[in-house]
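Here the structure comes first, spelled out in structure tokens, and everything after it is commentary.
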Amino acid sequence: MVGVATPLFPFYAEYAPVFGADPQVWPGGQERICNGTPGASDKKGDDMTAPTAGLLRPPRRKGMMGAQTVLPMVAAIERSLGPAVVAQLLDEARFARLPEHGEHVRERQVAILHQALRRQYPEQAESIQREAARDAVEWIMQNRIPARARLLLSGMPWAMAVWMLGRHAAQNAWAFGGSGRFELLSTSEFQLTDNPLIRGEHSTHAICAWHEELFQQTFRRMAHSRLRCTEASCMAAGADACRFRLVMEPVRAGA
Numbered sequence: 000m001v002g003v004a005t006p007l008f009p010f011y012a013e014y015a016p017v018f019g020a021d022p023q024v025w026p027g028g029q030e031r032i033c034n035g036t037p038g039a040s041d042k043k044g045d046d047m048t049a050p051t052a053g054l055l056r057p058p059r060r061k062g063m064m065g066a067q068t069v070l071p072m073v074a075a076i077e078r079s080l081g082p083a084v085v086a087q088l089l090d091e092a093r094f095a096r097l098p099e100h101g102e103h104v105r106e107r108q109v110a111i112l113h114q115a116l117r118r119q120y121p122e123q124a125e126s127i128q129r130e131a132a133r134d135a136v137e138w139i140m141q142n143r144i145p146a147r148a149r150l151l152l153s154g155m156p157w158a159m160a161v162w163m164l165g166r167h168a169a170q171n172a173w174a175f176g177g178s179g180r181f182e183l184l185s186t187s188e189f190q191l192t193d194n195p196l197i198r199g200e201h202s203t204h205a206i207c208a209w210h211e212e213l214f215q216q217t218f219r220r221m222a223h224s225r226l227r228c229t230e231a232s233c234m235a236a237g238a239d240a241c242r243f244r245l246v247m248e249p250v251r252a253g254a
């Protein structure tokens, strides 16, 4: 039986990378960073200690995000708009090369990529971002989540699974929220303050389609298939934080 002092699951460190953080990519406690800027070389830092148990330690450098904020986005852009657009957007974001899975990426580069897509291709941006978010979750499910974690969560009441996933998201929020502040407001509501992906943007409506879809797909895959996530307020539209709410969709007639 799992004791109360055990962090979430007895295999917590094994499934810690729910949002792209990988405890195995830093051999000897070294941190892998994709500098991504022209003329810059990747380096291994010595300011990261390897996790031993419990939570995965975030990068000590502020403003870093996980590679899954970039790689699925690039693939989705290429499928929808072609390789020339990909090259142009990556150049604007100053990526000399794409990050590898498990590398940290500077949030400013991630933000430029997302914002440039919204600005230059407003008609296609939302569908591309949602596709990228779904692909990110799919990759994480296939490559980072042990079958034991999926089985345990699927056997829980959905409210308990949502609570545990929300706690885990808060503890590893740097991977999808960078220097923003992620907070759980309740079992079904959470917020991201100073979201780096929309920092400085202004809109008449909520624009965090990537985060909205990322949360929805994660909770649907690991808690309940009828959960729907909506962005209730957005900093780009004047709110003090980007707030997201989970609701249970009704059972369809005849289902």
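Those letters in the sequence shown? Residues 0 to 254, by numbering that gives the first Met the number 0.
Where is the CB? At the ideal position from N, CA and C, for every residue including glycine.
For residue j and residue i, believed in contact at Cβ under 8 Å, the rounded distance
| i | j | result |
| --- | --- | --- |
| residue 221 | residue 149 | 7 Å |
| residue 190 | residue 241 | 6 Å |
| residue 146 | residue 152 | With a Cβ gap of about 11 Å, residue 146 and residue 152 do not count as contacting. |
| residue 109 | residue 64 | 5 Å |
| residue 209 | residue 131 | 7 Å |
| residue 181 | residue 172 | 4 Å |
Inter-residue Cα distance where the pair is residue i and residue j
| i | j | result |
| --- | --- | --- |
| residue 231 | residue 212 | 13 Å |
| residue 237 | residue 133 | 27 Å |
| residue 265 | residue 243 | The requested residue 265 is not part of the displayed model; the chain covers only 0 to 254. |
| residue 224 | residue 69 | 26 Å |
| residue 26 | residue 66 | The predicted model places residue 26 with a pLDDT of 29, which falls under 50 and marks its position as unreliable, so this point remains unresolved. |
| residue 233 | residue 197 | 9 Å |
| residue 88 | residue 112 | 6 Å |
| residue 102 | residue 58 | 11 Å |
| residue 185 | residue 158 | 11 Å |
| residue 226 | residue 97 | 33 Å |
| residue 200 | residue 128 | 16 Å |
| residue 115 | residue 202 | 14 Å |
| residue 143 | residue 228 | 23 Å |
Neighbourhood of residue i by C-beta, 7 Å cutoff - its chain only, sequence neighbours within 5 removed
| i | result |
| --- | --- |
| residue 85 | 73, 76 and 77 |
| residue 136 | 213, 216, 217 and 220 |
| residue 106 | 62, 63, 64, 177, 178 and 195 |
| residue 140 | 220 |
| residue 80 | 120 and 123 |
Close-in-space but distant-in-sequence residues of the same chain around residue i (CB under 8 Å, 5 per side omitted)
| i | result |
| --- | --- |
| residue 126 | 79 |
Close beta carbons around residue i, own chain, < 6 Å, minus the five adjacent residues each side
| i | result |
| --- | --- |
| residue 273 | Look at the range of the chain in this structure, 0 to 254, and you will see that residue 273 is not part of it. |
query = What are the uninterrupted segments assigned as alpha helix (DSSP H) that are 4 or more residues long and contained completely in the segment 101-159, given in chain order?
reply = 106-119, 121-142 and 146-153
query = Taking only runs of the beta strand (DSSP E) that begin and end inside the segment 200-236, which ones reach a length of at least 3 residues, in chain order?
reply = Taking 3 residues as the minimum length, the beta strand (DSSP E) runs contained wholly in the segment 200-236 are 226-232, in order along the chain.
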